[in-house]
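Visitor: Once you've had a glance at the structure underneath, I'll fire off some questions.
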Amino acid sequence: MQAVIDYLKQNQARFVAELCDYVRYPSVSAQPQHAGDMKACARWLVKHCQDIGLTAELCLTDGHPIVLAKTPRTKSKKRPHFVVYGHYDVQPAEPFELWKTPPFEPRIEGRSLFARGACDNKGQNLAHLKAVEAYLKTGTGLPCDLTFVIEGEEEVGSKSLASFLRARRQELSCDAVVVSDTGMPSKKHPALTYALRGIAAFEITLHGPARDLHSGLFGGSVDNPAMALAQLLARLRDKNGRVAVPGFYDDVEPLSAYERKQFARLPYKESDYRKFLGVPKLFGERGFTPLEQRAARPTLEINGLTSGYQGEGSKTIVPSWARAKITLRLVPNQKPAKIVKQVLQQLKKLCPPTVRMEIQSGHGAEPYLVSPTGAQAQAALRALKSAFGCDPVIMREGGSIPIVNDFKKILGVDTLLLGLALPDDNAHSPNEKFDLDCFARGQLMGAHLWQELGGLKP
Ligand code: BES
Ligand code: MN
């Protein structure tokens with residue numbers, strides 16, 4: 003094991019250069035113009051896996067390819083097997099003008115590596131690959147078999163992965179899935195995440211006049227779809243920050259006193275948080291702390307809002323249509339399909355007869371919750387402690403990783419969420435970064451994890 007640790011230490015500079023190569027691919031899964039970059043990035047990954055001693059293949063899907071890579075299997079008796087999941091796709095980098103340097107030209111400043119995808123999720127899955135490289139290149143025996151599944155559709159709902167898991171169920175049958183794609187409160191607070199929010203997405207369009215109209219000649223005699231949409235959406239949230247949809251909270255489990263105590267233990271300072279977000283005042287569901295609001299309470303968010311003329315100067319029209327992109331974040335026990343039905347019912351009820359409503363449904367994922375007290379979770383906590391040199395916390399996260407529920411349903415196993423992203427890493431925002439200490443500690447965490455998990459009794 004010392005050889006592994008030494009190897010990691012000695013090769014940091016090269017690892018950082020490799021992460022730079024990885025993030026140079028503009029692997030934006032949502033944008034069709036990047037389909038070629040997606041493939042190129044996946045190919046780079048396959049080659050990289052092969053170079054470090056894994057057997058790797060590019061698996062084509064109806065969407066973006068999946069990279070599958072395995073540690074060399076020994077012929078001996080059955081050993082523990084873990085799947086390491088990650089994603090090489092990234093969120094769109096827009097708005098480009100807010101990046102200090104271009105999103106796909108990595109820049110290192112102090113201990114930060116800036117680029118789209120640096121923390122979400124390339125840096126984190128590369129850390130796991132580097133840990134395994136250290137085992138393989140030093141000839142240190144791995145105490146378990148590992149299979150990497152690195153997909154290209156996480157940021158758009160993991161559409162192809164579930165059928166891939168089904169098709170390869172035997173091959174992927176394992177003791178647990180390990181994922182580093184969540185966060186930690188600070189470098190002094192490595193974390194095991196035991197719950198994620200689910201998600202349900204849809205788009206709503208209100209159609210008004212058959213074409214944009216002169217607002218002077220016709221405005222006043224016809225409804226304005228942008229105004230109608232604004233009024234309609236405004237009715238979905240009350241002044242206490244609650245989602246105003248009948249039945250929305252019916253299945254939400256109340257937070258236990260124990261959980262609220264755990265939340266209260268996490269490092270948090272309101273003024274710092276507010277300043278970091280750049281808001282004059284925080285807002286959230288009454289009766290809950292901001293940490294609870296963002297990780298353990300459901301929400302309805304407008305992610306995009308479009309209508310009328312968006313160019314420079316003015317254009318006096320009544321727009322023909324208005325559209326909003328909406329996502330709901332759901333907490334354990336809420337079911338995406340049921341919630342969407344309730345929300346659409348409410349929208350239909352509230353929609354005025356002066357416009358025509360069109361709904362386009364999108365991706366969805368169930369919330370996730372797993373007990374943090376099992377033997378695997380305890381092993382993971384020990385690995386975090388060894389790697390970071392301090393006691394880890396256990397926590398819930400507000401983001402979603404759609405596939406974790408399928409790991410449970412299809413492979414029958416739990417997922418260990420061992421995220422390496424810091425709160426100020428700007429995931430999904432301009433100037434995304436990854437902390438190079440987290441990168442290095444993440445590699446160490448991987449190295450320790452296989453010892454800890456490999457040593458568990460089956
Ligand atoms: N890594 C994130 C999810 C995440 C981040 C969970 C931090 C917990 C803490 C992941 O890449 C992500 O962004 N997922 C999307 C999924 C969606 C597009 C279906 C999300 O949460 O918005
Ligand atoms: Mn993401």
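Just add 2 to the spot in the sequence shown (first one is 1) and you have my numbering. Virtual Cβ for every residue (Gly too), placed ideally from N, Cα, C. Predicted model, so just to flag it, every value in this text is computed and none were measured.
1) What's the gap between the Cα of V48 and the Cα of L60?
2) Rounding to the nearest angstrom, what Cα-Cα distance links Q12 and A5 in this structure?
3) Confirm, please, whether the CB-CB distance from P187 to E56 is below 9 Å.
4) Which residue comes first and which comes last in the beta strand (DSSP E) that contains D437?
5) Thinking C-alpha only, which one of Q52, A120, D64 is nearest Y27?
6) Flag this pair as yes or no: are the beta carbons of H430 and I319 separated by less than 9 Å?
7) Going by Cα to Cα distance, which pick from I206, Q378, G286, P338 is closest to T308?
8) Below 8 Å, how does it come out for the stretch 397-409 and the stretch 364-375: are there three or more Cβ pairs, yes or no?
9) Could you tell me the boundaries of the alpha helix (DSSP H) in which M3 lies?
10) Would V181 and G88 qualify as a contact pair, given that the criterion is a beta-carbon distance under 9 Å?
11) Is it the case that the CB of Q126 approaches a heavy atom of ligand 2 more closely than 8 Å?
12) Am I right that G65 and E155 are in contact with their C-beta atoms under 8 Å? What's the rounded C-beta distance?
13) Using 8 Å as the cut-off, classify the Cβ of Q93 as near or not near the heavy atoms of ligand 2, replying yes or no.
14) Taking 8 Å as the cut-off, is the beta-carbon of G401 closer than that to any non-hydrogen atom of ligand 2?
15) Tell me the rounded alpha-carbon separation between E111 and F285.
16) Based on Cα-Cα distance, which residue from R118, P394, P432, L238 lies nearest to K189?
17) Considering only residues of the stretch 311-375, which uninterrupted alpha helix (DSSP H) runs meet the minimum length of 4 residues and lie entirely inside it, listed in chain order?
18) Is H66 helix, strand or coil when you go by DSSP?
Guide: From the atom records:
1) Whole-angstrom Cα-Cα distance: 7 Å.
2) Taking the straight line from one Cα to the other gives about 10 Å.
3) A small fix is needed here, since residue 56 is Leu in this sequence, not Glu. The answer is no: Cβ separation not under 9 Å.
4) Where D437 is concerned, the enclosing beta strand (DSSP E) stretches over 435-437.
5) Nearest C-alpha to Y27: A120.
6) Not closer than 9 Å, so no.
7) For T308, the closest of I206, Q378, G286, P338 by C-alpha to C-alpha distance is I206.
8) In this structure the stretch 397-409 lies against the stretch 364-375, because at least three pairs of beta carbons, one per stretch, are closer than 8 Å.
9) Boundaries for M3: no alpha helix (DSSP H) harbours it, and the DSSP string shows neither H nor E there.
10) It is a contact, given that the beta carbons lie within the stated cut-off.
11) Judged by the Cβ position, Q126 fails to qualify as a neighbour of ligand 2 at the 8 Å threshold, every heavy atom of the ligand being at least this far.
12) About 5 Å separates the two Cβ atoms, so the contact holds.
13) Checking every heavy atom of ligand 2 against the Cβ of Q93, one is found closer than 8 Å.
14) The closest heavy atom of ligand 2 lies less than 8 Å from the beta carbon of G401.
15) Distance between the alpha carbons of E111 and F285: 33 Å.
16) Distances from the alpha-carbon of K189 to those of R118, P394, P432, L238 put P394 closest.
17) Counting only runs of 4 or more, we get 338-352.
18) Note: H66 maps to coil in three-state DSSP.
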